[in-house]
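Chemist: First the structure, then my questions, so here it is.
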Amino acid sequence: MSVELLALVALLPILVALVLMVGLRWPATKAMPLAWLVCALGAMFAWQLPASYVAALTLQGFITAIGILIIVFGAIIILYTLQYSGGMETIQYGMQNISRDRRVQAIIIGYLFAAFIEGAAGFGTPAALAAPLLLSLGFPPLAAAVLCLVFNSFPVSFGAVGTPIVLGMTPLKGLVEKAIATNGAALNFTSFDTFNLVIGQWATVMHLIMIFVLPIFMLGFITRFFGPNRSWSEGFAAWKFCIFAAVSFTIPYLIFAWYVGPEFPSLIGGLVGLGIVVAGAKRGFCVPEKSWDFGDPEKWDPEWTGEIKGGQSTEFKAHMSQFKAWLPYILIGAILVITRIPELGLKGLLAGQKISFTEILGYKSVNASIAYLYLPGTIPFVLIAVLTIFIHGMKGDAAKRAWTESIAKMKNPAIALFFAVGLVSIFRGSGIVDAALNPNSYPSMPLAMAKTVAAITGNAWPMFASFVGGLGSFITGSNTVSDLLFAEFQWGVAQQLDMPRQIIVAAQVVGGAMGNMVCIHNIVAACAVVGLSGMEGTILKRTAWPFLLYGLVVGVVASVLTFVMFPNLF
């Protein structure tokens, strides 16, 4: 079977998911099992993979999904614990004192706070923390989810202490070392580590425009589709504050990316930016003169709301000090940082504690594990939720209600995520190098699609390279896994077309980051924490537009770098 036909077969489960969720508005709990079935049938009949091997890959995905569900549960239990302890109303009271303007709150929480959390933890954690916080401040659940999914893009290339580059580029190590041995004097990197530094540098260049454009665009998007006046201009009116936030984030982001490495740009950029912008907002610096709100919740479109109701009152009172109310989040941030930096020693200790499943159904290549202590859902989320009971002096009944309601919210996301991640596992495992399992040596499903797109685009490839990275994240839910899947492919395409490898690979890294906006299981997780289970298609329909805008801008930048500025770069 030709690569083009394989690509068409691989595309079918994605189309099924999109048509059912976006077109027919099916919930992911119904759409994803059908998409998984189409994927499994394609694997067995087109790739000729044994049914037992497909079943093993599905079980591998189910085990991985458990880890994601632990993160979702941890985020939900933090939300409910703070709601029942009075901590959340205290935070709401404090945020009103910083600014009552929802546009300002969106930038502080969704843009900067989430960037810091992405830099520390990654793996869907920012949306899981920031979206419920915006919800509790009075944002419609749908608006909170869309904002946090879209803003979780530019920080992702350097998320989880640089994992997408540090780990995601490992398939290129041999190729990079060979290139250094052959053309060392002509290159701007002398080792694999400096190659990673260079990739991070070019990635920041490609992200740079959207770091400034995205907050302005999204505020306009929110006021247009969720505001009482349905006006783009009301969001755009906060452009000065957006620029202020972008500059505050970007300067440390660029300094660390260009002179230190890929581990800390988002973490430091988010932390420094957050401190500067909160201080500026308190003093009214660049804050719009006229405050903006979503209007009377009674008049909201029913589509905007879900099972978990946000803060709907206009006045809040403090039940404790602001420090005590924010202490759970401060502890979460601190623990994420000290458990993600290898040099501090805790990362290896926690990551080494695993429940392992080896040779699933007898297949040596199919393994899975749950690093139960390293998952953000356990340490710090659940740990801090338990400690908050004592920090905030919660009564037993209040704590019991928080845990009972959190557990009850897990049913729908569990069903959706099991089948979504099971599908991902089949996608990744379909290209196994084993004559007994893959008799025709077919490429994996994602690689078949990528090769087909590359053959069609030819020399226009820089315009589309980031979309392949986005495809990888859309399918797998991870910038890191997208890079592991496609980095070598992107290098090969650049080599074949005589284009600068660093630029094309950097576009892959950036594309993997922007793909987080539309990734199915990120959307399922975000829906779960804001009580919108069943609304996944509605969210995907809205995040698709900023995803396309991001990809077009990155494509233009990558094309300019490839053909105008650095045509002879290695």
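With the sequence shown counted from 1, adding 630 to any position gets you my numbering.
No residue lacks a Cβ here, since even glycine has one placed at the ideal position from N, Cα and C.
1. What first and last residue would you give for the alpha helix (DSSP H) that runs through isoleucine 985?
2. Near leucine 1191, which residues of its chain fall below 6 Å by C-beta distance, leaving aside the five closest residues on each side in sequence?
3. What does serine 861 pair with, by DSSP beta-bridge criteria?
4. Between Phe784, Arg730 and Gly1007, which has its C-alpha nearest valine 908's C-alpha?
5. Are the beta-carbon atoms belonging to alanine 705 and leucine 759 less than 7 Å from one another?
6. DSSP puts serine 999 in a beta bridge; with which residues?
7. Within 7 Å of any Cβ in chain C, is that where the Cβ of phenylalanine 675 sits?
8. What do you get for serine 943, buried or exposed, if any count of 16 or more other CB atoms within 10 angstroms of its CB means buried?
9. Can you tell me whether DSSP reads glutamine 722 as helix, strand or coil?
10. Since I believe alanine 1078 is in contact with tyrosine 710 (beta carbons under 8 Å), could you give me their beta-carbon distance rounded to a whole number of angstroms?
11. Tell me which residues share the same chain as leucine 901 and place their Cβ nearer than 6 Å to its Cβ, disregarding the 5 neighbours each side in the sequence.
12. Evaluate leucine 802 with the Cβ neighbour count: other Cβ atoms within 10 Å of its Cβ, from every protein chain shown; 16 or more gives buried, anything less gives exposed.
13. Does the beta-carbon of glutamate 893 have 16 or more other beta-carbons within 10 angstroms, so that it is buried, or is it exposed?
14. My output table needs one value for glutamine 1138: the three-state DSSP class, helix, strand or coil.
15. Among Val1184, Ile1062 and Val649, which has the Cα closest to the Cα of glutamate 1166?
16. Identify the continuous alpha helix (DSSP H) that holds cysteine 1157 and give its terminal residues.
17. On a Cα-Cα basis, can you pick out the residue from Ser787, Ala736, Ile965 and Val1194 that is closest to isoleucine 852?
18. Could you give the first and the last residue of the continuous alpha helix (DSSP H) run that contains tyrosine 710?
19. Given this structure, state the Cα-to-Cα distance separating glutamine 726 from lysine 1030, to the nearest angstrom.
20. DSSP three-state call for leucine 1067: helix, strand or coil?
21. To the nearest angstrom, how far is it from the Cα of alanine 1090 to the Cα of proline 845?
22. Going by CA-CA distance only, name the one from Gly768, Thr812, Phe866 and Ala1188 that's closest to threonine 834.
23. Could you spell out the range, first to last residue, of the alpha helix (DSSP H) harbouring phenylalanine 781?
24. Looking at leucine 817 and phenylalanine 1200, is the spacing between their C-beta atoms short of 7 Å?
25. My assumption, with CB atoms under 8 Å, is that valine 1148 sits in contact with phenylalanine 1104. Please give the rounded CB distance.
26. If we call anything under 7 Å between Cβ atoms a contact, is valine 791 one with arginine 970?
27. Just to confirm, is the Cβ distance from alanine 751 to asparagine 782 under 7 Å?
28. Which two residues bound the contiguous alpha helix (DSSP H) that contains asparagine 1042?
29. Taking the alpha-carbon of alanine 1046 as reference, which of Ile962, Phe692 and Ser1108 has the nearest alpha-carbon?
30. Short check: CB of proline 972 to CB of valine 1154, under 7 Å?
31. Using a 10 Å radius around the Cβ and a threshold of 16 neighbouring Cβ atoms, would you call proline 932 buried or exposed?
Modeler: Reading it off the structure:
1. Here residue 985 refers to the residue found at position 355 of the sequence shown. Under the DSSP assignment, isoleucine 985 falls outside any alpha helix (DSSP H), being part of the beta strand (DSSP E) whose first and last residues are 985 to 987.
2. On the sequence shown, residue 1191 is found 561 positions in, with the first residue counted as 1. Ile1133, listed in sequence order.
3. Along the sequence shown, read from residue 1 onward, the residue named residue 861 stands at position 231. For serine 861, DSSP assigns no beta-bridge partner whatsoever.
4. Position 278 of the sequence shown, counted from the first residue, corresponds to residue 908. When each option's Cα is compared against that of valine 908, the closest is Arg730.
5. Within the sequence shown, numbered from 1, the residue matching residue 705 stands at position 75. Within the sequence shown, numbered from 1, the residue matching residue 759 stands at position 129. Their beta carbons are under 7 Å apart, which means alanine 705 touches leucine 759 by this criterion.
6. Residue mapping note: residue 999 aligns to position 369 of the sequence shown, counting from 1. Partner(s): Ser986.
7. Of the protein chains in the structure, only one exists, and it is not chain C.
8. Here residue 943 is taken as the residue at index 313 of the sequence shown, counted from 1. In this prediction, serine 943 has a pLDDT of 49, which is less than 50 and means its spatial position is unreliable; nothing more can be read from the coordinates.
9. In the sequence shown, counting from the first residue as 1, residue 722 sits at position 92. Helix, per DSSP.
10. Along the sequence shown, one-based indexing puts residue 710 at 80. Along the sequence shown, one-based indexing puts residue 1078 at 448. The pair is not a contact, with the Cβ atoms about 44 Å apart (cut-off 8 Å).
11. As a working note, residue 901 is residue 271 in the sequence shown. The beta carbon of leucine 901 sits closer than 6 Å to those of Phe746, all from its chain and outside the five residues before and after it, given in chain order.
12. Locating residue 802 in the sequence shown gives position 172, counting from the first residue. It counts as buried.
13. Position 263 of the sequence shown holds residue 893. Glutamate 893 should be labelled buried.
14. Position 508 of the sequence shown, counting from 1, holds the residue named residue 1138. Helix.
15. Locating residue 1166 in the sequence shown gives position 536, where the first residue counts as 1. Minimum Cα distance to glutamate 1166 is reached at Val649.
16. For this step, residue 1157 is matched to residue 527 along the sequence shown. Counting along the chain, the alpha helix (DSSP H) containing cysteine 1157 begins and ends at 1150 to 1159.
17. Translated into positions along the sequence shown, residue 852 becomes position 222. Comparing Cα positions, the closest option is Ala736.
18. Here residue 710 corresponds to residue number 80 of the sequence shown, with the count starting at 1. It spans 681 to 715 - the alpha helix (DSSP H) in which tyrosine 710 sits, taken as one unbroken run.
19. Looking up residue 726 in the sequence shown gives position 96. Looking up residue 1030 in the sequence shown gives position 400. Spanning the two alpha carbons is a distance of roughly 29 Å.
20. Translated into positions along the sequence shown, residue 1067 becomes position 437. Of the three classes helix, strand and coil, the one that applies to leucine 1067 here is coil, per DSSP.
21. For this step, residue 1090 is matched to residue 460 along the sequence shown. For this step, residue 845 is matched to residue 215 along the sequence shown. Counting only the Cα atoms, proline 845 lies some 29 Å from alanine 1090.
22. Mapped onto the sequence shown, residue 834 falls at position 204. Of Gly768, Thr812, Phe866 and Ala1188, the residue nearest in Cα terms is Ala1188.
23. Here residue 781 refers to the residue found at position 151 of the sequence shown. Here the alpha helix (DSSP H) through phenylalanine 781 covers 771 to 781.
24. As a first step, residue 1200 must be located in the sequence shown, where it is residue number 570. As a first step, residue 817 must be located in the sequence shown, where it is residue number 187. Yes, Cβ-Cβ distance for phenylalanine 1200 and leucine 817 is below 7 Å.
25. The residue you call residue 1148 lines up with position 518 of the sequence shown. The residue you call residue 1104 lines up with position 474 of the sequence shown. The pair is a contact, with the Cβ atoms about 5 Å apart (cut-off 8 Å).
26. As a working note, residue 791 is residue 161 in the sequence shown. As a working note, residue 970 is residue 340 in the sequence shown. Yes, these two residues count as a Cβ contact at 7 Å.
27. As a working note, residue 751 is residue 121 in the sequence shown. As a working note, residue 782 is residue 152 in the sequence shown. Their beta carbons are not under 7 Å apart, which means alanine 751 does not touch asparagine 782 by this criterion.
28. Indexing the sequence shown from 1 puts residue 1042 at position 412. According to the DSSP assignment, asparagine 1042 belongs to the alpha helix (DSSP H) that extends over 1041 to 1059.
29. Against the sequence shown, residue 1046 aligns to sequence position 416. Distance check between alanine 1046 and each of Ile962, Phe692 and Ser1108 places Phe692 closest, using alpha-carbon atoms only.
30. The residue labelled residue 972 in the question sits at position 342 within the sequence shown. The residue labelled residue 1154 in the question sits at position 524 within the sequence shown. No, they are not a contact pair.
31. Counted from its first residue, the sequence shown places residue 932 at position 302. By the 10 Å Cβ count, proline 932 comes out exposed.
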